[in-house]
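Heads up, the first sequence is in this note's numbering, so the first residue is 46 and it goes up one at a time.
Let me begin by presenting the structure, written as C-alpha cells, before commenting on it.
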Amino acid sequence: MSEPLKPVRVRFAPSPTGRLHLGGGRTALYNYLLAKKTGGTFILRIEDTDQKRYIESAEQEIMDGLHWLGIDWDEGPDKPGEAGPYRQSQRKQIYLDYAEKLINQGDAFYCFCSPERLREMKENQQKRREFPHYDGHCRDIPVAEARARIAAGESYVIRFKTPKEGSTTVRDHLRGEITVENRTIDDYIIVKSDGWALYHLAAMVDDHLMNISHVIRGSEWIPTLPLHHMIIKAFGWEEPVWIHLSVFLKPSGKGKMSKRESADLIKDGYSIFLTDLKDLGYLPEAVTNWIALMGWSFDDHTEFFNMPDLIRDFSLEKLNPSPAAINFTKLDHFNGLHIRSLATDDFVSRIEPFFAQKGLNADKETLTQIAPIIQERIGGLDEAPEIAGFFFRETVVPEVEDLFQKGLDAKQCAEIAARSYETLAPLSEISPVVGEPEMRLLVEAMQLKAAQVFGVLRVAVTGQRVSPPLFESMEIIGKDIVLDRIKNAQKMLEAYAADH
RNA sequence: GCCCCCAUCGUCUAGCGGCCUAGGACGUGGCCCUCUCAAGGCCAAAACGGGGAUUCGAAUUCCCCUGGGGGCACCA
C-alpha cells in the first residue's frame, strides 16, 4: 500500500445535452471513488453554456442516473457549496471577466472574422491539404482598435493566442508526458459572439475556482490538453493532476458506438443508457461493478465488487489507458452474481416492480416464499415475472403439446396426470417432504423416468416447460389449486387422445 | 490530410527484466450434479501484432513498421 492520498477535490462535469451513458457513468464513478477513498469532495457541475444544445430533461436524468448507480455528490446544482453556483449558465460574467484579463495581458485577442470568411479559409486549407486552423487574421489588431470596433457594434469572438513556436509538454498521470508542437495548436475561440464562454475557458476557470485537484475525464480531451495547460499557465494557476480515461468501444471493438447503434441495442435487451439498464432488469450494483472493471482492475483474480469494496480498493495506479470494447454478456454475468448475493427481502423489493409492470398483483408474502427458488435462476430482474408469473395467475392454460413428454403419447401422459392426482389427493399437503417421496414411488411403479412424470406435472401446474423446482412450487401454490390444475391437464390430454 | 493516444486469449484484464511451459474472468466446448431451467463443481481449446536494439536474460525498456482508436466547431 502506498501512502494514503490527501483528500482530493474532483468533479463530474456533464453537459445536459443528452442522456447519461456508460462512459459518463464510469467517469463519474472513478471521480466519486477517488473522492470517497481519500475523504475528499465530489462535485457535480453542469456544463450548460451552449443553449442551442440544451435539453430540458437532461440535468434531471443525469442526476437520477448517478443516484441509481449509488453515486452522490457533496456539492452540485441542488447542493449549494462555497464554490457555487454549479451550473455554468449561472456563471457567465465570471468567464467574461477572466477572458478580459487574458485580453489585457496579451494572451487572448478579439476576432472579427465572419463565419463566411472562416468557412472559406477552411475550404482553402483543405484544398491545400493543410489541417483546418485559424490563420491569425485578427491576432495582431491592437486592443484599443478592437475595443473601438466593438463599441461601434461589430460582432466579435475572443480567441486564445497560442504561441506558434516551440512545443508544449503536459503530464498525464496515466500516460506520462504528452508533447505537441505549438504550431499545431489553434487559436481556439474561448468566448462566442453571443457572449458565452466555451468549454476551454469555462472549465479551466471553474476547475480553478472550485479548487479541483484531479481532473478525471475522457480521452477526447487529450488533443486540447496543451491548450488547457496554456490557459492555466496564462493565469498563473496551479495545474490539476490530469487523468484521461480511455473510450468505450462498441462490442465489436471497431470504433465508438454510433447514435443509431445505441438505439438499436435495445432490441437485444441491452442499452448504453443508465436509465434503460434499470428498466431492462439490471441491478445498479452489477452495472457499477461492470463499468468499474472496464479500465480498472484490482488484482489478477478479484472481480466481484460492491461500492464499499470499490471505495476501499480503488486506485489511480491500476487504471488502464487502452480503449475497452463493451461486453454486455459480462454485464449479464455480473447481474446474475449480484442478484444471487442479495438478501431475500432486498431481492423481493427489487423484483416487485417488475411483476407490477406486467400487471401481476404479486404480494410480498408470496414473493418472499418464491424468492429462494427463483433468485438463483434469473439473469435479470425482468425475468422474474416470466419464470414465476404463474404463482399469481388465477389459472394456467398449458399448450397440450407442452404436456407431452419424451417417448410418451397423449394417453400415457393422461394416465400420468390421473395417477398423480390419485397419489397426491389424499395427502395433507404437497411439498418436497410430503408428496415428492410418494411421487417417486409412483414413477417406479409406472416404470417411467422421473423427468417424464414430473414433466407432465410441471406443465400442468405452471403452464411452462421451464419453471422453478416442482415440489417447492406446488407447496407455495397450495394443494387445492395444484390438484385442480392437474385435473385440468388430465382432461386436456384425454380429449386430445380421443381425437387422435 | 495533420496531430495525439493505445497495443497480452474472441472480449475485459493480471503482468511494472529472471517467479511466465503468460494467471484470472466472460463467452465457447466437454463432463459431473439434476424433476425442467439455472446455479455450482471439474476439464479443455484460446493471446504477448511484426522487425530491429539494449541485456547474461524481454510480454515487460528503446526505436521503426503495422494495426486500432480519438481529435482537428462560435459542441462538450
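Built from N, CA and C at the ideal position, the CB exists for glycine as well.
The beta strand (DSSP E) runs of length 3 or more contained entirely in the stretch 50 to 89 are, from start to end of the chain, 54 to 57 and 86 to 89. By the Cβ rule, the stretch 447 to 457 does not count as touching the stretch 413 to 429, because fewer than three pairs are nearer than 8 Å.
In terms of Cα proximity to Y201, the closest of Y155, T224, H178 and S307 is Y155. Rounded to whole angstroms, the gap between the alpha carbons of Q135 and Y179 is 30 Å.
Per the coordinates, the alpha-carbon of L163 lies some 20 Å from the alpha-carbon of G198.
At a Cβ-Cβ threshold of 8 Å, V260 and P368 do not count as neighbours.
A144 sits close to I235, with the two beta carbons spaced by under 8 Å. Annotation for E283: no beta strand (DSSP E) segment contains it, and DSSP assigns it neither H nor E.
For G434, the three-state secondary structure derived from DSSP is helix.
I461 has its alpha-carbon roughly 36 Å from the corresponding atom of G381. The continuous beta strand (DSSP E) containing E222 extends over residues G221 to E226. Between G63 and I116, the beta carbon gap of about 18 Å keeps them out of contact (Cβ cut-off 8 Å). Between I91 and E120, the C-beta spacing is not below 8 Å.
DSSP places V188 in the uninterrupted alpha helix (DSSP H) bounded by V188 to A196. For Y155, the enclosing beta strand (DSSP E) has its first and last residue at A153 to C156.
Rounded to the nearest angstrom, the gap between the Cα atoms of T347 and H378 is 14 Å. Counting only residues of its own chain and dropping the five nearest sequence neighbours on each side, K301 has a CB closer than 8 Å to the CB of V292, F293, L294 and K295. Just so you know, the alpha carbons of I107 and L65 end up roughly 5 Å apart. Assignment of beta-bridge partners to A370 by DSSP yields L294. Across the structure, I317 and A331 are spaced so that their CA atoms are roughly 14 Å apart.
Put simply, the backbone Cα of I336 is about 8 Å away from that of G70.
Contact annotation: M255 and R56 have beta-carbon atoms nearer than 8 Å.
Under the DSSP assignment, G263 falls in the beta strand (DSSP E) whose first and last residues are H259 to G263. Under a 10 Å Cβ-count criterion, F399 is classified as buried, with 16 or more other Cβ atoms of the shown protein chains found around its own Cβ.
Comparing C-alpha distances from S212 to each of E431, S476, P271 and D185 shows the shortest one belongs to P271. Of T214, H245 and D525, the smallest CA-CA separation from Y233 is found for H245. Exposure of H112 is indicated by the presence of fewer than 16 other C-beta atoms within 10 angstroms of its C-beta.
Going by DSSP, F343 is part of no beta strand (DSSP E) at all; its letter is neither H nor E. A straight-line Cα-Cα distance of about 11 Å links T320 and Q105. Within the DSSP bridge table, the entry for L364 names W341 as partners.
For N351, same chain residues with a beta-carbon under 7 Å away, outside a window of 5 residues either side, are E330 in chain order. In this structure D142 does not touch F205 by the C-beta definition: roughly 16 Å separates them, more than the 8 Å allowed. Cβ-Cβ distances below 8 Å link I195 to Y155 and Y201 in the same chain, with the five nearest sequence neighbours on each side left out; the list follows chain order. Contact between the stretch 401 to 418 and the stretch 492 to 500 is absent, with fewer than three C-beta pairs closer than 8 Å. Within the model, the alpha-carbon separation for Q133 versus P285 is close to 20 Å. Per DSSP, the continuous beta strand (DSSP E) segment holding R204 begins and ends at V202 to F205.
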